[in-house]
Ligand code: A3P
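Residue numbers (my numbering): 1 to 342.
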């Protein structure tokens, strides 16, 4: 793999690291900030940065990318179904995690956690094999994946191969950052790779200060938004899927040059509805629970699936701060979240 990487990777300063490590018990060493935009990752990103940046892209590749908790899984299944001519049988038989290697998940699995997971799963050869697959760097998994490859990533465009958009297809999905933060907060508590132990207010503070995985949020979105008219880019919003799923399905089918009957589209929308999704073993990331990477309990990877739920988590002060933060970040762009008064 290539070794060139054009950005500087700096350690987050010690005081800040100390505070972060008190709240994020899934990380042990610390964090880095990358390039002029200071994209934030666990230390392990250093090992993967150049491999990801230089990974060979194939013309038949399909990337589904986003800031986490923006409706990635929903979009992945929608895209996969359309690109695979509505193959329900295969979709049900093969979990989404296998259909879509997660490019950079390995950077979230600290070696000490991996040791722990191996020990806990040592009674089952099969689980150990799955664990190895899930924790293997995505670039290695993908080198052995036959075409067409479907790839999940939360990397911003600037940290992905520079030739990507001129070579392969990308579907990017964006969501109101307040709903994103609430949703990611819950996941950060559930995933032992993150091990977040604080309250939402503290979490939100890290998020808006760009001290959280894959932030800065708005830079991430803007990089993709700037490319929204590229013929290989389809830019979607969670709020649009939520309000009119059929319209978004039509956009995806057009993007892939496919045509389906009204009945087929109806059936697909039903398949993608939150209630069916929650009960769909193939998409609900149960593998993370089975391996003990995700805590078991009432909460799960697919959660409420609503737009606007953030209101239950924000007090008056946070609401105003969020509005200001969003307005400040939207000032120099024509990016607007649909169906929101912002
Ligand atoms: P909530 O936690 O707000 O419910 P990602 O896949 O990027 O991690 O995004 C997860 C978010 O998308 C979660 O949001 C999840 O519930 C929601 N989601 C997943 N599948 C959905 C569906 N079929 N319909 C609506 N929302 C869905």
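Glycine included, every Cβ here is placed at the ideal spot set by N, Cα and C.
Just to check, is the beta-carbon of residue 220 closer than 7 angstroms to a non-hydrogen atom of the ligand A3P?
no
**Prompt:** Taking C-beta to C-beta, are residue 11 and residue 30 nearer than 8 angstroms?
**Reply:** Yes, the Cβ-Cβ distance between residue 11 and residue 30 is below 8 angstroms.
Fill in: Cα-Cα separation, residue 118 to residue 294
Cα atoms of residue 118 and residue 294: separation of roughly 14 angstroms, rounded to the nearest angstrom.
Secondary structure of residue 177, DSSP reduced to three states:
helix
Rank 47, 75 and 184 by C-alpha distance to the C-alpha of residue 151 and give the top, closest one. Looking at the Cα atoms, 75 is the closest of the given residues.
Notebook entry, point to check: Which word fits residue 25, buried or exposed, when buried means at least 16 other C-beta atoms lie within 10 angstroms of its C-beta?
Noted result: Taking every protein chain shown into account, the CB of residue 25 has fewer than 16 other CB atoms within 10 angstroms, so this residue is exposed.
**Request:** Closer than 7 angstroms by C-beta to residue 242: which residues in its own chain qualify, once you throw out the five before and the five after it? Chain order, please.
**Result:** 307
Mind checking if residue 276 is an interface residue toward chain C, Cβ cutoff 8 angstroms exclusive?
The structure shown has no chain C; it contains just one protein chain.
Would you check if there are 3 or more beta carbon pairs closer than 8 angstroms linking the stretch 108-122 to the stretch 56-63? Fewer than three Cβ pairs drawn from the stretch 108-122 and the stretch 56-63 lie within less than 8 angstroms of each other, which leaves the two stretches out of contact.
- Between the Cα of residue 154 and those of 69, 227 and 263, spot the shortest distance and give me the residue it belongs to. 69
| said: Short of 6 angstroms in beta carbon distance, which residues of its chain neighbour residue 128, apart from the five on each side in sequence? Order them along the chain. | reply: 121
**Item:** Closest Cα partner of residue 157 within the set 77, 220, 183 and 266
**Value:** Distance from the Cα of residue 157 is smallest, within the candidate group 77, 220, 183 and 266, for 220.
Kindly confirm or deny that the stretch 278-291 and the stretch 180-189 touch, where touching means at least three C-beta pairs closer than 8 angstroms. Not touching, per the Cβ criterion.
Which one or two residues does DSSP pair with residue 333 in a beta bridge? Answer is none; residue 333 lacks a bridge partner.
Fill in: Minimum length 4: unbroken alpha helix (DSSP H) runs contained in the stretch 264-299
Runs of the alpha helix (DSSP H) inside the stretch 264-299: 274-278 and 286-290.
request  = Flag this pair as yes or no: are the beta carbons of residue 45 and residue 214 separated by less than 8 angstroms?
outcome  = no
- Once you ignore the five residues that flank residue 225 on each side, which residues in its own chain have a CB closer than 6 angstroms to its CB? 335
With DSSP collapsed to three states, give me the class of residue 205.
helix
- Message: With H, G and I counted as helix, E and B as strand and the rest as coil, what does DSSP make of residue 21?
- Response: helix
Report task. With DSSP collapsed to three states, give me the class of residue 66. Result -> strand
>> Considering only DSSP beta bridges, list what residue 169 is partnered with.
In response: 62
*So does residue 30 have its beta carbon nearer than 7 angstroms to some heavy atom of the ligand A3P?*
no
### Message
Taking 7 angstroms as the cut-off, is the beta-carbon of residue 69 closer than that to any non-hydrogen atom of the ligand A3P?
### Response
yes
Exercise. Consult DSSP for residue 41 and reduce its assignment to one of helix, strand or coil.
Key: strand
(Q) Quick check on the burial criterion: 16 or more other C-beta atoms within 10 angstroms. Buried or exposed for residue 3? (A) exposed
Does the distance from the CB of residue 305 to the CB of residue 179 come in under 8 angstroms? no
Measure the CB-CB distance between residue 190 and residue 20 and report whether it falls below 8 angstroms. Taking 8 angstroms as the Cβ cut-off, residue 190 and residue 20 do not qualify as a contacting pair.
Supposed contact pair residue 249 and residue 265 - C-beta distance, whole angstroms, cut 8 angstroms
6 angstroms
task: Would you list, in sequence order, the uninterrupted alpha helix (DSSP H) runs of no fewer than 4 residues that lie entirely inside the stretch 98-166?
output: Along the length of the stretch 98-166, whole alpha helix (DSSP H) runs at least 4 residues long occupy 111-120, 125-135 and 138-143, reported in chain order.
Notebook entry, point to check: Is residue 11 near the ligand A3P, going by C-beta to nearest heavy atom under 7 angstroms?
Noted result: no
Compute every distance between the C-beta of residue 178 and the non-hydrogen atoms of the ligand A3P, then say whether any falls below 7 angstroms. Residue 178 has its CB no nearer than 7 angstroms to any heavy atom of the ligand A3P.
Let's test the definition: count the other Cβ atoms within 10 Å of the Cβ of residue 94 and tell me whether it reaches 16, buried, or not, exposed.
exposed
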